[in-house]
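In my numbering, the protein residues as written are 2 to 127. See below for the structure under consideration.
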Ligand code: SF4
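Shown next, in the form of structure tokens:
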């Protein structure tokens with residue numbers, strides 16, 4: 002028997018799978034599909050942040066456009082750690098295309114707009 006915590010929704014059902022593949026304790030059909038996938042080819046969506054060259058936006062949130070094989074998550078995190086984004090990007094733009102041949106992209110999930118700082122000391126002097 003194998004045990005899983007379903008990560009498809011916040012309920013986090015505790016699933017069990019018999020040796021014959023029968024799934025128990027799933028609150029819905031998606032949990033059954035999740036457990037079956039976990040037993041055969043587990044996948045994950047990866048969310049992280051990447052460094053940039055911009056002082057007003059030193060990091061940008063990124064995620065995979067769809068799930069990638071769980072076994073590739075560590076390798077992707079290593080890749081993300083080496084990134085340094087050197088141009089302003091818009092939400093949804095791909096940073097890396099076709100990760101590991103999966104057709105999933107690593108995309109930016111926030112606009113890298115400019116941040117305008119107000120110098121409060123100048124205002125106090127004025
Ligand atoms: S089995 Fe269904 S209800 Fe339970 S955590 Fe998974 S998706 Fe949510």
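From the three backbone atoms N, C-alpha and C, an ideal C-beta is built for every residue, glycine too.
In this structure, the alpha-carbon of residue 80 lies about 32 Å from that of residue 3.
In chain order, 5, 16, 18, 24 place their CB closer than 6 Å to the CB of residue 36, counting only its own chain and leaving out the 5 sequence neighbours on each side.
Taking 7 Å as the cut-off, the C-beta of residue 35 counts as close to a heavy atom of ligand 1. Secondary structure at residue 55: coil, using DSSP grouped into helix, strand and coil. Residue 45 has its CB no nearer than 7 Å to any heavy atom of ligand 1.
Beyond the five residues adjoining it in sequence on each side, residue 100 comes within less than 8 Å, by CB distance, of 65, 69, 73, 77, 106, 107 in the same chain, given in chain order.
Between residue 113 and residue 50, the C-beta gap is not smaller than 8 Å, which leaves the two residues out of contact. Shown here for residue 103: same chain residues with a beta carbon closer than 6 Å to its own, the five before and five after excluded, namely 69 in chain order.
When 95, 93, 84 are compared, the shortest CA-CA separation from residue 60 is found for 84. About 6 Å separates the beta carbons of residue 63 and residue 109, which is inside the 8 Å limit, making them a contact pair. In the assembly as shown, residue 32 is a buried residue. Its beta-carbon has 16 or more other beta-carbons within 10 Å.
In the structure shown, residue 94 adopts coil according to DSSP, grouped into three states.
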